[in-house]
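Undergrad: Structure below; questions to follow.
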Amino acid sequence: MIYLDHAAATPVDKRVFAAMKPYFIEQFGNPSSLYKPGRVAKAAVDEARQKLAKLMGASSRNVIFTGGGTESCNLALFGVVEASTLPVKHIIISKIEHDAVLAAAYKLEAQGVEVTYLDVDADGLIDLVKLEASIKPNTVLVSIGFANNEIGVVQDLVALGGVCRRHGVLLHTDACQAAPYYEINLRDLPVDLVSINASKIYGPKGIGALVIGNSDVDLLPQIMGGAQEFGLRSGTENVPGIVGLASAYELACAERVGNVAKLTGWRDYLIRGLVDDGLGIKLTGSREHRLPNHVSVIIGDVEGESLLMRLEQEGICVSTGAACSSGSLEVSHVLEAIGVSENDGYSALRLTLGELNNEKQVEEALGKIKVVIEALRGMVV
């Protein structure tokens, strides 16, 4: 199998699993318990929190462990809005945000919150002038994803954060896709809240964190109960998951330079072979401002689902730009936002590289993808 869908999920690194393993069986205590097994579990959580805080340039008290990236994004949006004392609140998001942010914004809008949905250009990039023009006296939060999962575009957080800081507005970023490849140092980065999750960085599923860089951020909890996580996220801590998240992020930081160089080379090889080879295939998202492991294209004249199934028969796992919803295919809102037509949207293909790949696999995958595309195009009447 050639797995080219690392943006969807990554395997747990063996070193990460080794760090987690004791906390499943041997050290199973509840961190809230006062006896030794509880103290051991609490020490593991505290160590993981401190490790993550140090790596991200934050106070350990500002690392809030959650059930994943979606919950972290929800906590940021709902937590900030509900903590605001303004009678009418306003938030800004882009039209290409992950559903974790988009769906939260829709719900807030239904509750009376004003929401501005920022357009992006054809490359998927935010216009700083439009962002600044959208900020109002009652704007309490801007939420812009660091890197987009569907088209791989990477936003300029320094510039975006500069705009927000000038107006005294909080900036949240969903960094789940960017975390393995870009340094996130909240001492220098003008971002107030960052969402990450483990399953995109070779850690376990079901664990994430909301990391707060600005100590003045007021949040209200969204899950009530025993007041764990400094009262911001109740529920018994997922000790092995927390240990796994910190371990995975530590490894990602330590190995980032080598991984980025390797993946960028493979990514560019695929883009040249697909987009620059006269096949009529178009890249979606910025070529320059792009995740190092991400290739997203419009094939044209080929339905993405058919391509996906044929490639699976060839032992290649990829993703398309359409999501199955209520039994019908819908073109991605991200592709619509960058001006991709409905017809082209159905022929989208996403290839995301990672640690399960090697150079030989990438070369083999490119050859097979080309063969399958030509075969499917030959079937189109």
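Each residue of the sequence shown is one higher than the one before, starting from 220 at the first, in our numbering. Ideal Cβ positions, reconstructed from N, Cα and C, are used throughout, including at glycine.
Whose CA, out of Tyr488, Glu266, Ala323, lies closest to the CA of valine 462?
TA: For the purposes of this step, residue 462 is taken as the residue at position 243 of the sequence shown. The candidate whose alpha carbon is nearest that of valine 462 is Glu266.
Undergrad: Between asparagine 416 and glycine 298, how many whole angstroms is the CB-CB distance? I'm expecting something under 8 Å.
TA: Numbered from 1 along the sequence shown, position 197 holds the residue referred to as residue 416. Numbered from 1 along the sequence shown, position 79 holds the residue referred to as residue 298. Contact doesn't hold; Cβ gap of about 17 Å is too wide.
Undergrad: What's the gap between the Cα of phenylalanine 243 and the Cα of histidine 391?
TA: Counting from 1 along the sequence shown, the entry for residue 243 is found at position 24. Counting from 1 along the sequence shown, the entry for residue 391 is found at position 172. Between phenylalanine 243 and histidine 391, the C-alpha separation is close to 33 Å.
Undergrad: Looking at C-beta atoms only, is the number of pairs between the region 307 to 327 and the region 461 to 476 that lie closer than 8 Å three or more?
TA: no
Undergrad: Determine the burial state of tyrosine 468: buried for a count of at least 16 other Cβ atoms within 10 Å of its Cβ, exposed for fewer.
TA: For the purposes of this step, residue 468 is taken as the residue at position 249 of the sequence shown. Tyrosine 468 comes out buried.
Undergrad: Distance, Cα to Cα, alanine 324 vs leucine 296?
TA: As a position in the sequence shown, residue 324 is number 105, starting the count at 1. As a position in the sequence shown, residue 296 is number 77, starting the count at 1. The alpha-carbon atoms of alanine 324 and leucine 296 are separated by roughly 8 Å.
Undergrad: On a Cα-Cα basis, can you pick out the residue from Val320, Leu502, Phe449, Arg452 that is closest to glycine 364?
TA: In the sequence shown, counting from the first residue as 1, residue 364 sits at position 145. Among Val320, Leu502, Phe449, Arg452, the Cα nearest to that of glycine 364 is on Val320.
Undergrad: Where glycine 425 and tyrosine 488 are concerned, what is the direct C-alpha to C-alpha distance, given to the nearest angstrom?
TA: Reading the sequence shown from its first residue, position 206 is the one you call residue 425. Reading the sequence shown from its first residue, position 269 is the one you call residue 488. Answer to the nearest angstrom: the Cα atoms are 33 Å apart.
Undergrad: Between serine 566 and leucine 527, what straight-line distance do the alpha-carbon atoms span, to the nearest angstrom?
TA: Taking the first residue of the sequence shown as position 1, residue 566 is located at position 347. Taking the first residue of the sequence shown as position 1, residue 527 is located at position 308. Distance between the alpha carbons of serine 566 and leucine 527 is about 10 Å.
Undergrad: On a CA-only basis, which of Arg596, Asp318, Arg569, Val591 is nearest leucine 223? Give me that one, please.
TA: Indexing the sequence shown from 1 puts residue 223 at position 4. The shortest Cα separation from leucine 223 among Arg596, Asp318, Arg569, Val591 belongs to Arg569.
Undergrad: What residue range is occupied by the uninterrupted alpha helix (DSSP H) comprising alanine 263?
TA: The residue you call residue 263 lines up with position 44 of the sequence shown. First-last of the alpha helix (DSSP H) with alanine 263: 255 to 275.
Undergrad: Between which two residues does the beta strand (DSSP E) containing threonine 358 stretch?
TA: As a working note, residue 358 is residue 139 in the sequence shown. Looking at the DSSP string, the run of the beta strand (DSSP E) that includes threonine 358 is 358 to 362.
Undergrad: Sort out for me which residues DSSP pairs serine 515 with in a bridge.
TA: As a first step, residue 515 is located in the sequence shown; it is residue number 296 there, counting from the start. Answer is Arg569, bridged to serine 515.
Undergrad: Whole angstroms is fine: what's the gap from glycine 257's alpha carbon to valine 373's?
TA: As a working note, residue 257 is residue 38 in the sequence shown. As a working note, residue 373 is residue 154 in the sequence shown. One C-alpha to the other measures close to 41 Å.
Undergrad: Roughly how many whole angstroms lie between the Cα atoms of valine 235 and tyrosine 421?
TA: Start at 1 with the first residue of the sequence shown, and residue 235 comes out as number 16. Start at 1 with the first residue of the sequence shown, and residue 421 comes out as number 202. Taking the straight line from one Cα to the other gives about 8 Å.
Undergrad: I'd like the span of the beta strand (DSSP E) that includes leucine 451, first residue to last.
TA: Here the question's residue 451 lines up with position 232 in the sequence shown. No beta strand (DSSP E) contains leucine 451, which DSSP labels as neither H nor E.
Undergrad: Over the uninterrupted beta strand (DSSP E) stretch that includes serine 525, give me the two end residues.
TA: The sequence position of residue 525 within the sequence shown is 306, counting from 1. Here serine 525 belongs to no beta strand (DSSP E); instead the alpha helix (DSSP H) covers 523 to 532.
Undergrad: Is it buried or exposed, proline 356, if we count other Cβ atoms within 10 angstroms and call 16 or more buried?
TA: Here the question's residue 356 lines up with position 137 in the sequence shown. The residue is exposed, with fewer than 16 neighbouring Cβ atoms inside 10 Å.
Undergrad: Candidates Cys292, Gly564, Ile490: which alpha carbon is nearest glycine 523's?
TA: On the sequence shown, position 304 is the one that residue 523 refers to. Closest in C-alpha terms to glycine 523, from the list Cys292, Gly564, Ile490, comes Gly564.
Undergrad: Pick out whichever of Asn368, Thr304, Val413 has its Cα sitting closest to the Cα of alanine 272.
TA: Taking the sequence shown and counting its residues from 1, the one referred to as residue 272 is at position 53. Closest by alpha carbon: Val413.
Undergrad: Check each candidate in Leu347, Lys326, Glu561, Leu585 and name the one with the smallest Cα separation from aspartate 495.
TA: Taking the sequence shown and counting its residues from 1, one reaches residue 495 at position 276. It is Leu585 whose Cα lies nearest to the Cα of aspartate 495.
Undergrad: Give me the Cα-Cα distance between glutamate 593 and leucine 498, rounded to the nearest whole angstrom.
TA: The residue you call residue 593 lines up with position 374 of the sequence shown. The residue you call residue 498 lines up with position 279 of the sequence shown. Their Cα atoms are separated by approximately 9 Å.
Undergrad: Give the list of continuous alpha helix (DSSP H) stretches no shorter than 4 residues that lie fully inside the region 456 to 493.
TA: 458 to 473
Undergrad: If you follow the alpha helix (DSSP H) that aspartate 563 is in, where does it begin and where does it stop?
TA: One-based indexing of the sequence shown puts residue 563 at position 344. Note, aspartate 563: alpha helix (DSSP H), 561 to 564.
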